[in-house]
Amino acid sequence: NNYIKTSKYSILTFLPLNLLEQFQRLANFYFLCLLILQLIPAISSLTPVTTAIPLIGVLMLTAIKDAYDDFQRHMSDSQVNNRRSKTLRHGKLVDERWSGVQVGDIIRMDNDQFVAADILLLSSSEPNGLCFIETAELDGETNLKCKQCLPETAAMGQQEDLLWKFNGEIVCEPPNNLLNKFEGTLTWKNQRYPLDNDKILLRGCIIRNTQWCYGVVIFAGKDTKLMQNSGKTKFKRTTIDRLLNFIIIGIVFFLLSICGFCTIASAIWEALVGYKFQ
């Protein structure tokens, strides 16, 4: 279906996933190891509170920020998924949520409306089957772009009984993130017609200067080019994070070197002098 999700967490997965991401920061993992060692009396004489309180404070503040950011993503997803689209059902136009639109559906788009999915343009109100769109949401360009449907499908106009009976077979490339490339063929009434990017309306673009147009959904939801370009939300590391990781690795090697040197020196002292104190 056409449902999208850009959020990273749910109520159940937030705590484990967020902690996992936070401990991917070497600084957090380093102080966690120190805290564990300080809990063992035979290893450390220091109280673990001095390490636990700052570590827990950092984890809590980061978790609150991440929870707020993800809540905003949930709200944005809900707003987009609940947008309305006019979809042909049994020869009649019905209001459908964007999330309910499926591949193969025939939908009507009016002027100044967002396109709900990646769609093959079938007909429009403009002469010669032209349709004008704005793609600022996709590529940042504000200049209008012109799309044109096949003359054979443009003849259907807005006759919904004919559009509902449209039974063409579309064979096209698999989902990808190339905004300016599309290849496919339409087989209809025993004829084959080549399809290219000039006949495709992409999810996220806006219909402009076109009273109405109809199209058939070819990619929906995460398969649309817009979502293919958005990718999966990743854990981001800043320049400071990378610098801290480098410093902490240096500190760990320094501590290991000191421990190794002291261990070897202690063994030598025990072998040469220590037996005299037994």
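The numbering of the sequence shown is the working numbering, which starts it at 148 and goes up by one. Note that beta-carbon positions come from the ideal geometry of N, C-alpha and C, so glycine has one too.
Check                                                                                                                                                                : Outcome
Alpha carbon to alpha carbon, what distance is there between residue 352 and residue 295?                                                                            : 15 angstroms
Using the C-alpha atoms, what's the distance from residue 179 back to residue 156?                                                                                   : 23 angstroms
Under three-state DSSP, which class holds residue 372?                                                                                                               : helix
List the whole-angstrom C-beta distance separating residue 149 from residue 246, where the pair is believed to meet the contact cut-off of C-beta under 8 angstroms. : 6 angstroms
Among all the DSSP beta bridges, which residues are the ones paired with residue 230?                                                                                : Its beta-bridge partners do not exist; DSSP assigns none.
Based on DSSP bridge pairs, tell me the residues matched to residue 294.                                                                                             : 278
Smallest Cα separation from residue 345: which of 266, 165 and 214?                                                                                                  : 266
Whole-angstrom Cβ separation of residue 173 and residue 392, contact assumed at under 8 angstroms?                                                                   : 4 angstroms
Whose C-alpha, out of 255, 169, 272 and 279, is nearest the C-alpha of residue 364?                                                                                  : 255
Please determine if the segment 194–204 and the segment 256–265 are in contact, where contact requires at least 3 C-beta pairs separated by less than 8 angstroms.   : no
Looking only at its own chain, which residues have a Cβ that is under 7 angstroms from the Cβ of residue 388, when we skip the five neighbours before and after it?  : 172
Taking C-beta to C-beta, are residue 349 and residue 269 nearer than 8 angstroms?                                                                                    : no
For chain B, check one thing: does any of its Cβ atoms lie closer than 8 angstroms to the Cβ of residue 178?                                                         : Among the chains in the structure shown there is no chain B, since it carries only a single protein chain.
With a cut-off of 8 angstroms, do at least 3 Cβ pairs link the segment 269–278 to the segment 290–306?                                                               : yes
Report yes or no: do the segment 354–361 and the segment 332–340 share at least 3 C-beta pairs separated by less than 8 angstroms?                                   : no
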